[in-house]
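Under my numbering, the first residue of the sequence shown is numbered 749, with each subsequent residue one higher. Here a beta-carbon is modelled for each residue, glycine too, at the ideal position from N, C-alpha and C.
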Amino acid sequence: MAMIEVRNLSKRYKKLDALSGVNFDIEQGDIFGYIGPNGAGKTTTIKILATLLLPTDGMAFIDGIDVVRDPMSVRRIIGYMPDFFGVYDEMKAWEYLDFFAACYRIPKAKRLGIIDDVLELTDLTTKKDVFVHELSRGMKQRLCLARCLVHDPKILLLDEPASGLDPRARIELRELLKELGRMGKTILVSSHILTELADFCNTVGIIEVGKMVLHGKIEDILREIKGARVLEIKVKDQDEAAKEVLLSHDKVEDVIIASPGFLKVHFNGETDDLPDLMDYLKEGGIRVLSFAEEETDLEDLFMRVTKGIVT
Ligand SMILES: Nc1ncnc2c1ncn2[C@@H]1O[C@H](COP(=O)(O)OP(=O)(O)OP(=O)(O)O)[C@@H](O)[C@H]1O
Ligand SMILES: [Mg+2]
749 MAMIEVRNLS
759 KRYKKLDALS
769 GVNFDIEQGD
779 IFGYIGPNGA
789 GKTTTIKILA
799 TLLLPTDGMA
809 FIDGIDVVRD
819 PMSVRRIIGY
829 MPDFFGVYDE
839 MKAWEYLDFF
849 AACYRIPKAK
859 RLGIIDDVLE
869 LTDLTTKKDV
879 FVHELSRGMK
889 QRLCLARCLV
899 HDPKILLLDE
909 PASGLDPRAR
919 IELRELLKEL
929 GRMGKTILVS
939 SHILTELADF
949 CNTVGIIEVG
959 KMVLHGKIED
969 ILREIKGARV
979 LEIKVKDQDE
989 AAKEVLLSHD
999 KVEDVIIASP
1009 GFLKVHFNGE
1019 TDDLPDLMDY
1029 LKEGGIRVLS
1039 FAEEETDLED
1049 LFMRVTKGIV
1059 T
């Protein structure tokens, strides 16, 4: 059984369909990147999973528990990080965490130890006695994550935890999420930016105007949106001959002579097929000067998948 199961989930706000029949599963230990542009429906989905919003149709289960029928049981096993921090003036960082720990009915005697642990994990130990409103945005963001961890939930629902962070803070957050993944937590993390999540999520879902466009294992998604790979091959004075040999290969779809001696090849084989293609060229009498795969720009691909239909 998946840790998070979303079945035909729909949400309608008056006349607007914010979610229309969304389906996905997140397995135990997965880090699932939920990606989509503004207004795609990420926050709506996460709020339903966090039992803060009722769906119009469909169902969602967290560790087998129906989020609509038994929200209290769901809340005990999830940590939800909202997309905005809220206002907590005149409260020190440790008091803030103590407040949330008390909400989860953690006994007073245990709370201080837990607070020290989550402050250390989020690298905020030195800020323990600082007022919340005196923390920088990145520190507030980490404190917010610390608060999600006080009851040691097995599932984390994080709504754009990296928004507003500087590049260094983003990298630190990424390390923290990886660490939480190693601790065995199942994590759903949303973002606008595919590349921000691509190196530590093992699964992703791309949502666009309330519909899941693509979801699955990150490698499969990347392959799917990349389509055929493009190889860049340089030859000396053999442009046409090379083109002819390449086109006779069964995994070559198209060849373009981009400039003299420089060919772009649409290849639908796997990485393991590349040495064969090199041998094939050699056997065809082509002397190759260089042979490389074109760098793909993930963000560019992402823009092609989500065509900006959202207005
Ligand atoms: N309370 C509400 N009442 C009416 N419409 C809403 C409400 N909340 C969200 N919506 C609409 O639902 C759609 C999805 O919004 P949602 O907040 O889920 O998107 P999102 O993917 O989280 O976007 P962002 O990246 O901007 O956070 C949007 O069109 C939004 O205007
Ligand atoms: Mg949102």
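Nearest-angstrom Cα separation, counted from residue j out to residue i
i: Lys795; j: Ala857; result: 32 Å
i: Thr873; j: Asp864; result: 7 Å
i: Thr792; j: Pro915; result: 27 Å
i: Ile854; j: Leu883; result: 25 Å
i: Val1058; j: Gln889; result: Note that Val1058 scores a pLDDT of 41, beneath 50, so its modelled location is shaky; the value from the coordinates is reported in the next line. Spanning the two alpha carbons is a distance of roughly 27 Å.
i: Asn786; j: Gly834; result: 20 Å
i: Ala910; j: Ile919; result: 9 Å
i: Met749; j: Asp871; result: 34 Å
i: Asp837; j: Leu893; result: 18 Å
i: Phe847; j: Ser938; result: 26 Å
i: Phe772; j: Leu757; result: 9 Å
i: Met829; j: Val978; result: 40 Å
i: Val898; j: Met751; result: 20 Å
i: Glu927; j: Gly806; result: 33 Å
i: Val770; j: Glu753; result: 10 Å
i: Leu1042; j: His1014; result: According to the sequence as given, residue 1042 is Glu; it is not Leu. Going from the Cα of Glu1042 to the Cα of His1014 covers about 10 Å.
i: Ile810; j: His963; result: 19 Å
i: Ala808; j: Ile941; result: 25 Å
i: Glu1031; j: Lys933; result: 52 Å
i: Met1062; j: Arg971; result: As shown, the chain starts at 749 and ends at 1059. That puts residue 1062 outside it, with no answer to give.
i: Glu944; j: Gly912; result: 13 Å
Supposed contact pair residue j and residue i - C-beta distance, whole angstroms, cut 8 Å
i: Ile826; j: Leu905; result: 6 Å
i: Tyr782; j: Leu924; result: About 18 Å; that fails the 8 Å criterion.
i: Thr804; j: Lys759; result: 5 Å
i: Ile774; j: Thr951; result: 7 Å
i: Lys875; j: Met887; result: 6 Å
i: Arg885; j: Leu845; result: Contact doesn't hold; Cβ gap of about 18 Å is too wide.
Ligand 1 heavy atom lying under 7 Å from the CB of residue i
i: Leu883; result: no
i: Asn756; result: no
i: Ala798; result: no
i: Gly787; result: yes
i: His940; result: yes
i: Ala766; result: yes
i: Gly1032; result: no
i: Tyr761; result: yes
Closer than 7 Å: residue i CB and nearest ligand 2 heavy atom
i: Lys790; result: yes
i: Glu908; result: yes
i: Asp1020; result: no
i: Asp947; result: no
i: Asp987; result: no
i: Asp831; result: yes
For residue i, the first and last residue of its enclosing alpha helix (DSSP H)
i: Glu956; result: Element bounds for Glu956: not the alpha helix (DSSP H) but the beta strand (DSSP E), Thr951 to Glu956.
i: Met887; result: Arg885 to Leu897
i: Thr943; result: Leu942 to Ala946
i: Glu923; result: Pro915 to Arg930
i: Lys790; result: Lys790 to Leu797
i: Gly861; result: Lys856 to Leu869
i: Tyr844; result: Ala841 to Cys851
i: Ser821; result: Pro819 to Ile825
i: Asp987; result: Asp987 to Leu995
Contact set for residue i: own chain, Cβ-Cβ below 7 Å, skip 5 residues either direction
i: Thr799; result: Val815, Pro819, Val822 and Arg823
i: Ile1005; result: Asp987, Lys991 and Leu1011
i: Lys965; result: Asn950 and Thr951
i: Leu764; result: none
i: Pro1008; result: Asp987
i: Asp1021; result: Lys999
Beta-carbon contacts of residue i that lie in its chain and below 6 Å, excluding the five residues immediately before and after
i: Ile955; result: Gly784, Ala788 and Gly789
i: Met839; result: Val880
i: Gly953; result: Phe772, Tyr782, Met960 and His963
i: Asp1002; result: His1014
Residue i Cβ short of 7 Å to ligand 3 heavy atom set
i: Asn950; result: Inclusion of ligand 3 in the displayed structure is not the case, the ligand content consisting of ligand 1 and ligand 2 alone.
Contacting residues, own chain, Cβ-Cβ under 8 Å from residue i (five flanking each side not counted)
i: Arg1035; result: Val983, Lys984 and Gln986
i: Gly929; result: Gly777, Ile779, Ile935 and Phe948
i: Ile903; result: Met751, Ile752, Ile810, Asp811, Ile825, Ile826, Gly827, Lys933, Thr934, Ile935 and Leu936
Proximity test, Cβ basis, 8 Å: residue i and chain C
i: Ile1004; result: Among the protein chains of the structure shown there is no chain C, as only one such chain exists.
Range of the contiguous beta strand (DSSP E) that encloses residue i
i: Met1026; result: Run containing Met1026: none in the beta strand (DSSP E); it sits in the alpha helix (DSSP H), Leu1022 to Glu1031.
i: Ala750; result: Premise fails: Ala750 is in no beta strand (DSSP E) and is neither H nor E.
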